[in-house]
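Scroll down for the structure; my scribbles are underneath it.
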Amino acid sequence: MQQTIIILLSLLFLTFFSGLEAAFLAISRLRIEIERKQGSILSGIHKYFAKNASRYTSSLLLGTYISLIVFVLFFSNWLNSHVISTNHVFLKWTYITAILAFFIILSAVIIPNTLFKINPNRSLAIFAFPSLFFYLLLYPFTSIFTRLALVFLKWGFRVKLPENSDLGFSKTDLELLVYESQHDEQENQEVNHDVKIFQNALDFSNVKIRECVVPRTEIEAVSIDDSIDFLKQRFIDTGYSKILVYQDTIDNIIGFAHSIDLFGKPDHIKSMVRKLPIIPETMPASKLLALFIQNKKSMALVVDEFGGTSGVVTMEDILEEIVGDIQDEHDKIQLEDEQISETEFRFSGRIEIDDINEKYHLNLPVSDDYETIAGLILSHHGSIPKAKDVVTVAQFSFKILKATHTKIELIHLKINK
Numbered sequence: 013m014q015q016t017i018i019i020l021l022s023l024l025f026l027t028f029f030s031g032l033e034a035a036f037l038a039i040s041r042l043r044i045e046i047e048r049k050q051g052s053i054l055s056g057i058h059k060y061f062a063k064n065a066s067r068y069t070s071s072l073l074l075g076t077y078i079s080l081i082v083f084v085l086f087f088s089n090w091l092n093s094h095v096i097s098t099n100h101v102f103l104k105w106t107y108i109t110a111i112l113a114f115f116i117i118l119s120a121v122i123i124p125n126t127l128f129k130i131n132p133n134r135s136l137a138i139f140a141f142p143s144l145f146f147y148l149l150l151y152p153f154t155s156i157f158t159r160l161a162l163v164f165l166k167w168g169f170r171v172k173l174p175e176n177s178d179l180g181f182s183k184t185d186l187e188l189l190v191y192e193s194q195h196d197e198q199e200n201q202e203v204n205h206d207v208k209i210f211q212n213a214l215d216f217s218n219v220k221i222r223e224c225v226v227p228r229t230e231i232e233a234v235s236i237d238d239s240i241d242f243l244k245q246r247f248i249d250t251g252y253s254k255i256l257v258y259q260d261t262i263d264n265i266i267g268f269a270h271s272i273d274l275f276g277k278p279d280h281i282k283s284m285v286r287k288l289p290i291i292p293e294t295m296p297a298s299k300l301l302a303l304f305i306q307n308k309k310s311m312a313l314v315v316d317e318f319g320g321t322s323g324v325v326t327m328e329d330i331l332e333e334i335v336g337d338i339q340d341e342h343d344k345i346q347l348e349d350e351q352i353s354e355t356e357f358r359f360s361g362r363i364e365i366d367d368i369n370e371k372y373h374l375n376l377p378v379s380d381d382y383e384t385i386a387g388l389i390l391s392h393h394g395s396i397p398k399a400k401d402v403v404t405v406a407q408f409s410f411k412i413l414k415a416t417h418t419k420i421e422l423i424h425l426k427i428n429k
């Protein structure tokens, strides 16, 4: 009876120490710091462990190894006495080893990684005081072992060790904090707008210019040979303060005209043309934002890999990737976004897939090859469909309501269940 209790307790402690180690390695240090600022005692304990990470993990490892040794000794002896009766020594110890390996893997790997790593902060909070107790209990031994290991590494292998073990907060900690906040709020209602902006800011380093460019089909531009009166009328009609200027074709953008230059009473557009930065569509948006700030610019021409005009991007377009849509009095293009029924929708071709997936939970296919619904249809259809054509992608049927020979403007989406 006493042997059985020792086996069960050693197995329990093996799971306990292994689970705490797994949780500690996956913990969000930023969440701990936030809770500590709010006066949480438990987060204070976790902060202390984080600052003394090597000694804390050493105590957990020591507890794991002690539990493992006790379990192996007593359980193997119990198996040898009560379960395995064969006289064949090699076969007997093969059975014992297999059974030991099964329980060790289950209690030291599978259970800790399943239970403790689901919510590491919560797991450490539940076992904060027991872990502190064992940390203090094993501290004399771990302190000796840690010092011996440091001396051995320093003088035996000439390893230069860092003086400060506090690793601070990484981008991963920030992403984990935002993910937890989103998960908590999605259980109740929509994700807080501030949390969404924070997440967009973390993802901003992965955004390419092609994801925020205004396509060439929607560019407002005038020819360098047009009259000043025509340019004035374009400023009035569009409400823009800047209009691109091209020579011969739209693929030969030479700059832009600013409305303020009209006060100088120019005779022709050529005298108004200002230089425009030209960038590839694969450039990171963060790099272009830095260039805008550094050079005091707010608009750039985007070209494709063949040197043709892909579109134009402004400071506003880049900022919208972080804060969402910025509406002003000159935003005339209204993208249609309507839910007709539970399984039917009406969308503009330029609606971004990520936006409607998030809003309606449609789970439309996403790819690096396209950003919009029109791009999804073209990717699967291979050409621009005509009005009334139906394109089926998985369980989604797209009926083309309006299209030109160059683009898809309006579609009707039906989900086939």
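Okay, so the sequence shown: first residue is 13 according to my numbering, each after it adds one.
Glycine residues also receive a C-beta, built at the ideal position from the N, C-alpha and C atoms.
What you are looking at is a predicted structure, and each value in this text was computed from that prediction instead of being measured.
For residue i, the residue or residues it bridges with in DSSP
i	result
L256	A233 and F268
A415	I420
L313	I290 and V324
R159	For R159, which the question treats as bridged, DSSP gives no partner whatsoever.
F164	In the DSSP output, where bridge partners are listed per residue, F164 has none listed.
Distance CB(residue i)-CB(residue j) smaller than 7 Å
i	j	result
V257	F247	no
G320	D263	yes
V219	G323	no
S360	L374	no
S79	I108	no
L253	S271	According to the sequence provided, residue 253 is Ser. The question's Leu does not apply to it. Yes, Cβ-Cβ distance for S253 and S271 is below 7 Å.
G75	F146	yes
T27	I130	no
E230	T250	no
Close Cβ partners of residue i (< 8 Å) along its chain, the five nearest in sequence each way excluded
i	result
Y151	R67 and S71
L300	I221, I291, A312, V325 and I330
I39	H58, A62, P132, N133 and L136
I18	V82 and F86
Separation of residue j from residue i, as counted between CA atoms
i	j	result
L91	N125	27 Å
S30	A65	15 Å
D215	E328	17 Å
F357	V378	18 Å
I455	A399	What is shown of the chain runs 13 to 429, which leaves residue 455 out entirely.
G56	I138	14 Å
D349	E383	16 Å
E421	P397	11 Å
T16	L162	39 Å
K426	R362	18 Å
L144	A34	16 Å
F181	I305	At F181 the pLDDT is 49, less than 50, meaning the model places this residue with poor confidence; the figure from the coordinates comes in the next sentence. Distance between the alpha carbons of F181 and I305: 27 Å.
L390	D279	45 Å
T416	P296	31 Å
Q407	A386	17 Å
H342	I265	With a pLDDT of 47 at H342, under the threshold of 50, the modelled position of this residue cannot be trusted, and the question is left open.
V84	L127	23 Å
Host alpha helix (DSSP H) of residue i (start-end)
i	result
M327	M327 to V335
E33	Q14 to A38
T384	Taken as a continuous stretch (DSSP letters only), T384 belongs to no alpha helix (DSSP H), as it is neither H nor E.
R228	Segment: none, R228 is in no alpha helix (DSSP H) and carries neither H nor E.
A399	Where A399 is concerned, there is no enclosing alpha helix (DSSP H), given that its DSSP letter is neither H nor E.
7 Å Cβ shell around residue i - same chain, five flanking residues per side excluded
i	result
H393	V403
T326	S310 and M311
V314	I221, V225, I291, E293, S322, G323, V324 and V325
K414	A399, E421 and L422
Opening and closing residue of the beta strand (DSSP E) in which residue i lies
i	result
T404	V402 to V405
R358	E356 to S360
D249	Careful: D249 lies outside any beta strand (DSSP E), inside the alpha helix (DSSP H) at I240 to T250.
D366	That residue, D366, is in no beta strand (DSSP E); its alpha helix (DSSP H) goes I365 to Y372.
D349	D349 to Q351
Chain-order list of residues whose beta-carbon lies under 6 Å from that of residue i (same chain, five-residue window excluded)
i	result
L54	A137 and A140
S424	Here residue 424 turns out to be His, not Ser, going by the sequence shown. Closer than 6 Å at Cβ, skipping near neighbours: R358, K411 and L413.
Chain D within 7 Å of residue i, Cβ atoms only
i	result
T69	Of the chains in the structure shown, none is chain D; there is only one protein chain.
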